[in-house]
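Undergrad:
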Amino acid sequence: MNRPYGAVDVAANLKGAVAKTAAQKILTALAERGELVQKTYGKTTFFVANQANTKVIPAEEITDMTAQIKTLKEENAALALQIKTQTSELAKVRSTPTDDELEKEITTTQSAVKDALARLGGLGCGTPIISAEDREHIETEWKKWRIEWVRRRKVFMTFWQLVTDLLTPHEAESLGEELGIEWDSPEHIAVERSNLCEEKPVNVLKRKR
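Okay, here's the thing in structure tokens:
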């Protein structure tokens, strides 16, 4: 660059490899030989390249260099895109399981399928999982205890409303936590809203007149 430099600048750019005093002597010697131009501003001396020694580049050569720079930039952009594409492909290859890993996964999957088929063997043979009598008994017990649960829940909710009638929602919540009351979970609510708890219509036969 054709900007002025002092001995301090040169020593700093060389990161202390050349002392300031030595840099001053070298710059002065170059100025005496005509390779640099020495300028003094107050107590500070600066050195700049001798413009008389600078080669003048023809306009045609500048045009050629500009074209070369443009071509190199385009090639650089194309190479950067190619590197990006190949890096992406490399990442895909590295994430793909190896033959040994695939073989291990296949073996594990086959074992899991075999176990599942063994557990489902009874269904495949048409073996009933539960008899009609057992199913009827379970349904009867379900209806019996659900009716009891609904009755007890109604009693509790009535009592709870009386107890918390004068409390704020926060106080009521705190009281419930203190007493260890367990409210219906989302699963319980989902069951109550499902077809399992729907009242089945009863067909009433009317006597013919």
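My numbering applies: residue 5 is where the sequence shown begins, and numbers increase by one.
Don't be surprised by glycine CBs; every beta carbon is placed ideally from N, CA and C.
Since we're looking at a predicted model, the values are computed, not measured.
#1: Evaluate contact between the region 40–51 and the region 15–22, counting only Cβ atoms and requiring at least three cross-stretch pairs below 8 angstroms.
#2: Going by DSSP, what residue range makes up the alpha helix (DSSP H) through Leu31?
#3: Tell me the rounded alpha-carbon separation between Glu140 and Lys147.
#4: DSSP state of Ile19, grouped into three classes?
#5: What's the gap between the Cα of Val208 and the Cα of Asp188?
#6: What's the C-alpha gap between Ala27 and Thr49?
#7: Is it a yes or a no for the region 49–64 touching the region 5–19, going by three-plus beta-carbon pairs under 8 angstroms?
#8: Taking the continuous beta strand (DSSP E) assigned at Val41, which residues delimit it?
#9: Give the secondary structure of Val52 by DSSP, where H, G and I count as helix, E and B as strand, and everything else as coil.
TA: In short, the structure shows the following:
#1: no
#2: Start and end: Lys24 to Glu36.
#3: 11 angstroms
#4: Here residue 19 turns out to be Lys, not Ile, going by the sequence shown. Secondary structure of Lys19 (DSSP, three-state): coil.
#5: A caution first: Val208 carries a pLDDT of 48, below 50, which makes its placement in the model unreliable, though a value can still be read off. Looking at the two C-alpha atoms, the distance is approximately 35 angstroms.
#6: The straight-line gap from Cα to Cα measures roughly 12 angstroms.
#7: yes
#8: Element bounds for Val41: Leu40 to Tyr45.
#9: Strand, per DSSP.
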